[in-house]
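Per the working numbering, the very first residue in the sequence shown carries number -17; after that it's consecutive.
Glycine residues also receive a C-beta, built at the ideal position from the N, C-alpha and C atoms.
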Amino acid sequence: MKHDFSGIGMTSARTRGRMLDRLRQQGIRNEEVLAAMGNTPRHIFVDEALAHRAYDDASLPIGLGQTISQPYIVARMVELALTAPHRDKVLEIGTGCGYQTVVLAQLFKTVYSVERIGQLLDKARVRLRDLRINNTRLRHGDGFLGIAEAAPFDVIVMAAAPAFVPESLLNQLATGGKMVFPIGTVNQELRMIERTNDGFSESKLEKVRFVPMLPGLA
Ligand code: SAH
């Protein structure tokens, strides 16, 4: 999906260019991911007081004890997501401020995103509307349950770390589909599960730090 955010008043091209240079240095090679992130006005997803730090390589508070993921981890997860054979439907667990939702919206036909904190979701909705994005479906819900009626998904990306692999999400993955997610409590790691014809195959990737995935609505 092509999106033109040029009316949004992006911070300087130099600031965004520096973020992309850093992502390349950190090993991000996928030009589609880099283009989508270079095109996304990250500063509108954080409070105005923090906007000058929006393109730093850091996670930042977005209120209610949650954080916007650092650029590197968004890039890494989306890059892994693009190894799936199809890009029709992606399910994101943990909309948060909606930044990764917007990156995904540029690379997938339809983005389904579930957030358990209603106040965060309301703010994300406003941002997506301001950006005139219309290929996202946001839901106030518990990500542990996924969205059964929209399944199967080509990709599932989780932005919060569960202590165990949620069974219902595995069931909502298309054959050939990929689930990219952090897992663990104190020591977390990034993993990717592929649904194959006869089951699932899992790869363990790098160490990460995410907020915990919590059950129920807030
Ligand atoms: N991609 C987001 C990440 C926000 S942090 C961003 O860049 O802003 C992770 C988010 O996951 C938080 O907003 C948190 O409320 C949400 N979350 C945690 N457990 C969840 C669950 N069970 N279902 C849906 N969202 C959940």
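Should residue i be labelled buried (16 or more other beta-carbon atoms within 10 Å of its own) or exposed?
i        : result
Gly71    : It should be pointed out that residue 71 corresponds to Lys in this sequence rather than to Gly. When all chains shown are included, Lys71 counts as buried.
Gly125   : buried
Glu149   : exposed
Lys(-16) : exposed
Leu46    : exposed
Ala57    : buried
Phe182   : exposed
Phe146   : exposed
Thr65    : exposed
Ser51    : buried
Gly80    : buried
Val60    : buried
Leu167   : It is Thr, not Leu, that sits at residue 167 in the sequence shown. So Thr167 ends up on the exposed side.
Leu199   : exposed
Pro197   : exposed
Gln154   : buried
Glu74    : buried
Pro67    : exposed
Taking a contact to mean a Cβ-Cβ separation below 8 angstroms, would you say residue i touches residue j in this structure?
i      : j        : result
Pro144 : Ile165   : yes
Tyr94  : Arg114   : no
Gln170 : Lys186   : no
Asn12  : Phe(-13) : no
Thr83  : Leu102   : no
Ala18  : Val137   : no
Pro53  : Leu5     : yes
Leu151 : Met161   : yes
Ile44  : Val28    : yes
Arg121 : Phe90    : no
Taking the alpha-carbon of residue i as reference, which of the options has the nearest alpha-carbon?
i       : options                          : result
Leu16   : Gln88, Gln48 and Ala40           : Gln88
Asn179  : Val96, Leu42 and Gly158          : Gly158
Glu97   : Ala156, Ala142 and Arg24         : Ala142
Val193  : Asn117, Ser41, Gln154 and Asp112 : Ser41
Gln48   : Glu14, Ile99 and Pro67           : Ile99
Ala(-5) : His25, Glu184, Arg177 and Val139 : His25
Glu184  : Pro67, Met195 and Phe163         : Phe163
Ile55   : Gln8, Asn116 and Ala31           : Gln8
Asn117  : Pro23, Thr92, Glu14 and Arg177   : Thr92
Arg177  : Met140, Pro134 and Arg191        : Pro134
At a threshold of 7 angstroms, does residue i count as lining ligand 2 (C-beta to nearest heavy atom)?
i     : result
Gln88 : Within the structure as shown, ligand 2 is missing, the only ligands being ligand 1.
At which residue ranges does the stretch 100 to 157 contain complete beta strand (DSSP E) runs of 3 or more residues, listed in the order of the chain?
-> Uninterrupted beta strand (DSSP E) stretches at least 3 residues long and entirely within the stretch 100 to 157 occur at 118 to 122 and 135 to 140, given in chain order.
At least three beta-carbon pairs within less than 8 angstroms, the stretch 128 to 146 to the stretch 101 to 115 | The answer is no - the stretch 101 to 115 does not touch the stretch 128 to 146, with fewer than three Cβ pairs under 8 angstroms.
In chain order, which alpha helix (DSSP H) runs of at least 4 residues are fully inside the stretch 37 to 72?
-> Entirely contained in the stretch 37 to 72, the alpha helix (DSSP H) runs reaching 4 residues are, in chain order, 53 to 63.
List in chain order: all unbroken beta strand (DSSP E) runs of 3+ residues lying wholly within the stretch 176 to 200.
-> Within the stretch 176 to 200, the complete beta strand (DSSP E) segments at least 3 residues long are 181 to 190, listed from N- to C-terminus.
Within the chosen definition, does the stretch -6 to 1 reach the stretch 29 to 39 through at least 3 CB pairs nearer than 8 angstroms?
-> Yes, the stretch -6 to 1 is in contact with the stretch 29 to 39.
Start-end ranges of the alpha helix (DSSP H) lying completely within the stretch 73 to 103, minimum 4 residues | The stretch 73 to 103 contains these whole alpha helix (DSSP H) runs: 81 to 87.
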